[in-house]
Every structure is written in C-alpha cells, then in structure tokens.
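Sequential numbering from 6 applies to the sequence shown in the numbering used here.
Shown next, in structure tokens, is the structure this report addresses.
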Amino acid sequence: MIRRLQQLTLGLIAAMILGLALFTAWRLNTGWSFRFSPVAHGTILGEHHGVTVHAYGWGDSVRGEYGLEYECVELVNRYYVQVLGHRNLTKTGDADTYFWDAKAKMLQAFPNGG
Numbered sequence: 006m007i008r009r010l011q012q013l014t015l016g017l018i019a020a021m022i023l024g025l026a027l028f029t030a031w032r033l034n035t036g037w038s039f040r041f042s043p044v045a046h047g048t049i050l051g052e053h054h055g056v057t058v059h060a061y062g063w064g065d066s067v068r069g070e071y072g073l074e075y076e077c078v079e080l081v082n083r084y085y086v087q088v089l090g091h092r093n094l095t096k097t098g099d100a101d102t103y104f105w106d107a108k109a110k111m112l113q114a115f116p117n118g119g
C-alpha cells in the first residue's frame with residue numbers, strides 16, 4: 006500500500022513537471038518571454054508625500070545631497086529632511102547606524118515586532 010502511494014506521488018510530480026515544461030514551451034512559442042532585466046538606474050517608480058522614489062539599478066552611483074543617489078538609506082534621509090524636517094544625516098554612517106546609533110541621530114529605534 007505504501008509503495009503504491011509512493012508510486013502515485015512520484016507519478017503526480019512527474020506529470021506536474023511535464024505539464025509545466027509543456028506550458029512553458031507553448032508560451033515561449035506564442036511570443037511570451039521572460040523579462041528579468043531590471044529597471045534602469047534612476048527611473049522614477051513613484052512618489053510618497055511628494056518625495057520621489059527612484060530605482061537603484063547597477064548604474065554609477067553619484068553622491069548627492071542626501072547620500073549615494075537612489076540607495077535605500079538615501080531615500081530615507083531625503084524623506085526625513087523633506088517631509089519631517091529632520092536634519093540631513095548624510096555622511097553619518099550606514100543604514101544600520103540609524104538603528105544602533107539612533108539616539109545620537111535624534112531618532113528612535115524600534116526592534117522588529119516593536
């Protein structure tokens with residue numbers, strides 16, 4: 006009984022893999038393509054409270070007023086300055102220091118789940 010169940014399970018897995026392969030081949034034959042290319046560096050993705058969010062691709066990073074342009078910490082710093090009126094934190098450390106050195110930066114750290 007167990008052996009039969011194992012055979013059925015393996016048959017089901019094989020059928021699923023074959024079905025996926027056939028579906029993919031059919032879609033590729035009808036012009037469907039996989040697109041793994043990232044969005045171009047600096048492309049505007051949206052905005053929040055008037056602060057634009059840019060794609061950080063594999064382009065050349067330029068040091069801007071708020072840090073290396075379009076990095077996550079640059080976005081946070083830019084948001085803090087433009088929306089919250091916080092002082093500019095550029096050149097004060099990496100992103101992890103916003104948590105570990107929060108008090109020195111006049112921030113408040115909240116651990117995960119906090």
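Glycine is no exception: its CB is placed at the ideal position from the N, C-alpha and C atoms.
- DSSP lists T57 as the bridge partner or partners of E52.
- Distance from the CA of L17 to the CA of T35, rounded to the nearest whole angstrom, comes to 27 Å.
- Between E52 and V44, the beta carbon gap of about 15 Å keeps them out of contact (Cβ cut-off 8 Å).
- Counting every other CB atom within 10 Å of its CB across the protein chains shown gives E74 a total of 16 or more, marking it as buried.
- Shortest Cα-Cα distance from G47 to any of I7, G62, V56 and K110 involves G62.
- By the 16-neighbour rule on beta-carbons within 10 angstroms, E79 is buried.
- Here the alpha carbons of D65 and Q113 stand approximately 32 Å from one another.
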